[in-house]
Amino acid sequence: MGLGRQEDPDFTIKTVVVQAFWPGATAREMELQVTDKLEKKLQELAFFDNAVSYSKPGETLIKLTFADYTPPKEVPSLFYQLRKKLGDVQRTLPNGVQGPFVNDEFGDTFGVIYAFSADGFSQAELKQYVENVRQQLLTVKLVGKVELYGTQDEKIFVEFSHAKLATLGISPTQIFDALQRQAAVAPAGIIETAKERISLRVNNSFNNLDDVRKRSHRRQWPRADLGRYR
């Protein structure tokens, strides 16, 4: 009798986690109106073994396990069917429910971890560099997934003097509304000719901080004079 000697033996995770959120709901409401509906739908899956659920105010978590005898080659198809069934039941959930969300990748194991640091570079520049490295790593044979951790999303902070805004008769809400309207993506129209149909797009988006500081078309004061943008 021989024992397998693979350094990294193959194994298949037959467990999946389903989560849903309903802000403001009690644990009882989550159980009756969300958890029960999801569990009953999941029980329709082939090779279903058991489901353990946890309901608390505003959140539910269901851990579903397929039978031990489930053929490994069937697992990807089961995960696909699971998502389809959750999509069917989603429209029957109360308004305001977020999800359900499926996590079937918690069994992934990363073999190599790289850390990046760069003096003199902004977080945005460093993130772009690491994104390029990620794309190159994905071309390496047998590499299936490359994920980034610790990246910082770009944000713009607006700091202003309430006294100055009061003198000008402007409220903070007006500033934020003006920024949101200018950054909104909306169709500008279509030009149709005998041979072509051309979509128009107004270039009013923000590409950098200087764009945010520019003069508003509805006001006579440059935005840079109304506050500090960083």
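Each step along the sequence shown adds one to the number in our numbering, with nothing skipped, and position 146 is 127. Quick reminder that beta carbons are idealized off the backbone N, C-alpha and C, glycines included.
How long is the line joining the alpha carbons of residue i and residue j, rounded to whole angstroms?
i, j, result
"Gln104", "Ile179", "38 angstroms"
"Val127", "Phe157", "37 angstroms"
"Leu129", "Arg115", "8 angstroms"
"Val33", "Phe91", "27 angstroms"
"Asp69", "Lys18", "11 angstroms"
"Asn113", "Ala96", "14 angstroms"
"Gln161", "Val83", "32 angstroms"
"His143", "Gly150", "10 angstroms"
"Ser58", "Phe47", "12 angstroms"
"Thr174", "Leu63", "47 angstroms"
Nearest to residue i by alpha carbon, out of the options?
i, options, result
"Glu86", "Phe60, Glu106 and Val93", "Phe60"
"Val139", "Gln155, Leu149 and Thr148", "Gln155"
"Lys44", "Phe29, Pro57, Thr51 and Ser58", "Phe29"
"Gln212", "Ala144, Ile137, Leu63 and Pro81", "Since the first and last residues shown for the chain are -18 and 211, residue 212 lies out of range."
"Leu23", "Leu181, Leu67 and Thr(-4)", "Leu67"
"Gln78", "Tyr110, Asn31, Pro4 and Thr132", "Contrary to the premise, residue 78 reads as Val rather than Gln in this sequence. Taking only the C-alpha atoms, the option nearest Val78 is Pro4."
"Lys108", "Leu146, Gln133 and Ile94", "Gln133"
"Glu94", "Glu20, Gly131 and Lys122", "Note that residue 94 is Ile in the sequence shown here, rather than Glu. Closest option to Ile94, Cα to Cα, is Gly131."
With a CB to CB cut of under 6 angstroms and the five nearest residues on each side skipped, what residues in its chain are close to residue i?
i, result
"Pro75", "Gln14"
"Glu40", "Phe2"
"Leu42", "Gln0 and Tyr35"
"Pro38", "Thr7 and Ala8"
"Ile172", "Ile179"
"Pro53", "Thr(-7)"
"Glu12", "Ser36"
"Gly170", "Leu181"
Short of 8 angstroms in beta carbon distance, which residues of its chain neighbour residue i, apart from the five on each side in sequence? Order them along the chain.
i, result
"Glu106", "Ala99"
"Phe102", "Tyr110"
Give me, in chain order, the residues of the same chain whose beta-carbon lies closer than 7 angstroms to that of residue i; leave out the 5 immediate sequence neighbours on both sides.
i, result
"Leu118", "Val124 and Val127"
"Glu135", "Ala105"
Using only the heavy atoms of the ligand NAD, determine whether one of them is closer than 8 angstroms to the beta carbon of residue i.
i, result
"Pro4", "Inclusion of the ligand NAD in the displayed structure is not the case, the ligand content being empty and no account of it being possible."
### Task
For the region 18 to 80, list the alpha helix (DSSP H) runs that are entirely contained and at least 4 residues long, ordered along the chain.
Complete alpha helix (DSSP H) runs here, min 4: 56 to 71.
### Segments assigned alpha helix (DSSP H), at least 4 residues, entirely inside the region 99 to 150
Scanning the region 99 to 150 for uninterrupted alpha helix (DSSP H) segments of 4 residues or longer gives 104 to 118 and 143 to 149, listed from N- to C-terminal end.
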